[in-house]
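Right, one structure below, let's go through it.
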Amino acid sequence: MGFTRRDALRFGLLGASGLWSWGQGRNYALADSCDSHAMGEPPGPYINSRFSPEIPVFERPFEPMEVLASTSVGPDLDGYTITMKKNEVEILRDKKTPVWSYDGKLPGPLIRQRKNIGSVVRFKNELGTDDDGRDINSVIHLHGVASLPQYDGYAEDLIPPQHYKDYYYPNDKAAPFWYHDHAVEHTSRNVYMGLAGMYIVEYDHCDFFNPSDQELLPQGEYDIPLIIQDKRLTPDGELLFNDRRQRGVYGDVMLVNGVPWPRLAVKNRKYRFRVLNGGTSRTLSLGARVKHSDGSLEPVDLQVIASDSGLLSAPVTTDNLRIGIAERYEFVIDFADYAGKEVLLVNPIFFGNIDGNLATTQIMCFQVSGGAQDNPPLPERLGILTPIETLLSEVQGPPRTFRFDRLGSRWLINGKAWDPHRVDAFLEPCATEIWRFVATGGWVHPIHVHLGHFRLIGRSRTPIADYERGMKDTFFVNDFETVEMIGRFGPHEGKYMMHCHNLVHEDHDMMTQFQVGTDGCEPCAEPAKPLPAPANFDVPQCEPPDECMDGVPCE
Ligand code: C2O
Ligand code: CU
Numbered sequence: 000m001g002f003t004r005r006d007a008l009r010f011g012l013l014g015a016s017g018l019w020s021w022g023q024g025r026n027y028a029l030a031d032s033c034d035s036h037a038m039g040e041p042p043g044p045y046i047n048s049r050f051s052p053e054i055p056v057f058e059r060p061f062e063p064m065e066v067l068a069s070t071s072v073g074p075d076l077d078g079y080t081i082t083m084k085k086n087e088v089e090i091l092r093d094k095k096t097p098v099w100s101y102d103g104k105l106p107g108p109l110i111r112q113r114k115n116i117g118s119v120v121r122f123k124n125e126l127g128t129d130d131d132g133r134d135i136n137s138v139i140h141l142h143g144v145a146s147l148p149q150y151d152g153y154a155e156d157l158i159p160p161q162h163y164k165d166y167y168y169p170n171d172k173a174a175p176f177w178y179h180d181h182a183v184e185h186t187s188r189n190v191y192m193g194l195a196g197m198y199i200v201e202y203d204h205c206d207f208f209n210p211s212d213q214e215l216l217p218q219g220e221y222d223i224p225l226i227i228q229d230k231r232l233t234p235d236g237e238l239l240f241n242d243r244r245q246r247g248v249y250g251d252v253m254l255v256n257g258v259p260w261p262r263l264a265v266k267n268r269k270y271r272f273r274v275l276n277g278g279t280s281r282t283l284s285l286g287a288r289v290k291h292s293d294g295s296l297e298p299v300d301l302q303v304i305a306s307d308s309g310l311l312s313a314p315v316t317t318d319n320l321r322i323g324i325a326e327r328y329e330f331v332i333d334f335a336d337y338a339g340k341e342v343l344l345v346n347p348i349f350f351g352n353i354d355g356n357l358a359t360t361q362i363m364c365f366q367v368s369g370g371a372q373d374n375p376p377l378p379e380r381l382g383i384l385t386p387i388e389t390l391l392s393e394v395q396g397p398p399r400t401f402r403f404d405r406l407g408s409r410w411l412i413n414g415k416a417w418d419p420h421r422v423d424a425f426l427e428p429c430a431t432e433i434w435r436f437v438a439t440g441g442w443v444h445p446i447h448v449h450l451g452h453f454r455l456i457g458r459s460r461t462p463i464a465d466y467e468r469g470m471k472d473t474f475f476v477n478d479f480e481t482v483e484m485i486g487r488f489g490p491h492e493g494k495y496m497m498h499c500h501n502l503v504h505e506d507h508d509m510m511t512q513f514q515v516g517t518d519g520c521e522p523c524a525e526p527a528k529p530l531p532a533p534a535n536f537d538v539p540q541c542e543p544p545d546e547c548m549d550g551v552p553c554e
């Protein structure tokens, strides 16, 4: 059993300041090439809690996520069908890993959706029962999208096995979103077993400060979505789910799009990566390193261009990009100077995790070749963001405060556990509010607010990183830290969830709900229906109200 941060606290190894300094700016041993992986003991209170069988790193070829084809349901409506079912994938060579999947894939198929065209996604539940013979109920949440309440994946709005549900999405905002299971008390297990996938709403020229700049961003084969997940495997290749008495699930095998530590051949030009931390609990701190011929490693810049829910106003350069669970960033790596070399994507800092493991410091390897035809510069300006002053001027009431802490083995918000019959905040439709998230010590919490797109305006203990200044729906809260965000709660009315996205915390029971306005459908107003599904998609019963979103009208 791994030695954890909580154990460290119990044994008095760390004071608060000791906790705080963990991982701050430290870089640990890294692989020095695509072919080898250096191992050693991690520093500090971590132990190298390796459990999974050894897997050679940077051997397996990278696999792009398969794009799911749409059918045209109407002039302004695209349709998709996804079947949730058990399947087996190969993570360990020659061993079968059983997964619970969308369409049999780990991760699920990639949806690339045109902006401003609605979509309906039919999810069929053919998962059957778990090892204890209990039904595997599922709910699907499209994370980051402002959906109507009945299509938002409310935790209690379960699809039982042999049922389906048609979810409608507006796609009025472009960003790298993702879909995942949200079943009450079982989200961590279900997502860990494979129920997660990416859903990109494509930008159009209206999203750009200079509309013609869209073409400057890497596109087509140079635009690569990545889902990073940590898993733990038994010697037989089965996924091991250990939530350490509801503290977190930490793996020691890093999967990129379902492949452990892959290698990818790239040309000497810019590539754009749309990255999701799709794990259960592990915070990532990404960097890139080029390996020189003398074996030395040198940091390579990441140019961050977008956050959770849209383009940044300008590219932000960093060599340390923190991505908490459920956060997304888009960044560009320019391989122009590295033909003939290898560039590693690394995760060298254990910050925010109760489990350290050297295997997790490596993610993937790029082998750079020559021969790029072109390499346009990045635009100087990117998206159009509402000025914070404008948002501040709209705020009517005082900030709302939510405290995230632990009582016994439970995780609570303002001392309360999830209760679908209780609403903890009532908001005016389209209200602009400041929400304050307070973390008591010992744990970090990635806090996700449904419905809206928000902006980070304050951190009490650490500076706001420039890449956090764009549109966000998930906020990384350090231990002992207070984080403030601002945003408009719209366009829809109804009940929406807010919770910690460490999925184990969420399940037990760090989740609450707020209600916007008095209208809007009940979240369970359109329950799942029995299979077989009819040929036609169901028609939504509730119409969305008028818009109150950010952005500038665009011709
Ligand atoms: Cu990504 Cu409420 O979840
Ligand atoms: Cu949490």
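Under numbering that gives the first Met the number 0, think of the first position of the sequence shown as 0, with each following residue one higher.
Ideal Cβ positions, reconstructed from N, Cα and C, are used throughout, including at glycine.
As the structure is a prediction and not an experimental result, all values here were calculated from the model.
Here the alpha carbon of I446 sits roughly 19 Å from the alpha carbon of D465.
For the 7 Å CB-CB criterion, V255 and L225 form a contact. In this model, Q245 and M64 are separated by some 31 Å (Cα to Cα). DSSP lists F272 as the bridge partner or partners of I223. Between F425 and I412 a beta carbon distance of about 16 Å is seen, past the 8 Å cut, so the two are scored as non-contacting. Here the alpha carbons of H449 and R133 stand approximately 29 Å from one another. When E125, G451, M83, G414 are compared, the shortest CA-CA separation from S146 is found for G451. Pairing K114 with D171, the inter-Cα distance amounts to about 6 Å.
Looking at the DSSP output, A287 sits in a beta bridge with V299, L344.
Minimum Cα-Cα distance from P526 among the listed residues G309, Y163, G441 corresponds to Y163. Nearest in C-alpha terms to D518, of all of A182, E329, P148, is P148. Shown here for V443: same chain residues with a beta carbon closer than 6 Å to its own, the five before and five after excluded, namely G351, N477, D478 in chain order. Remark: the shortest separation between the CB of H498 and any heavy atom of the ligand CU does not fall under 6 Å. With distances taken between CA atoms, A338 lies nearest to H291 out of H291, N136, D404, E237.
Three or more Cβ pairs drawn from the segment 84-94 and the segment 226-235 lie within less than 8 Å of each other, which places the two stretches in contact. Boundaries for I362: no alpha helix (DSSP H) harbours it, while the beta strand (DSSP E) harbouring it runs 361-368, taken from the DSSP string. Shown here, I387 sits in a helix according to DSSP, grouped into three states.
Under the 8 Å Cβ criterion, the segment 248-266 does not count as touching the segment 201-214, having fewer than three qualifying pairs. Note that the C-beta distance between D472 and D307 is below 7 Å.
Residue side-chain check: H142 places its Cβ nearer than 6 Å to a non-hydrogen atom of the ligand C2O. For the ligand C2O, a non-hydrogen atom lies closer than 6 Å to the CB of H447. Taking 7 Å as the cut-off, the beta carbon of P428 is found closer than this to the beta carbon of G516. Assignment of Y202 by DSSP, reduced to helix, strand and coil, places it in the coil class.
With a beta-carbon spacing of about 5 Å, A182 and N136 fall inside the 8 Å limit used to define contacts.
Under the Cβ criterion (8 Å, minimum of three pairs), the segment 316-336 does not count as touching the segment 478-487. Under the three-state reduction of DSSP, R188 is assigned to helix.
Within its own chain, the residues whose Cβ lies closer than 6 Å to the Cβ of Q228, once the five positions on either side in sequence are excluded, are L254, G277, G278, listed in chain order.
Annotated three-state conformation of P522 is coil, per DSSP. The Cβ neighbour count for R460, taken over all protein chains shown within 10 Å, is under 16; the residue is labelled exposed. For N124, DSSP records a beta bridge to M83, H162.
DSSP places L232 in no beta strand (DSSP E); its state is neither H nor E.
Closest by C-alpha distance to S280, out of Q512, M509, H500, is H500. Between I332 and N346, the C-beta gap is not smaller than 7 Å, which leaves the two residues out of contact.
Between E341 and C364, the CB-CB gap stays under 7 Å. Between G103 and the set S118, Q112, I81, G117, the nearest pair of CA atoms involves I81.
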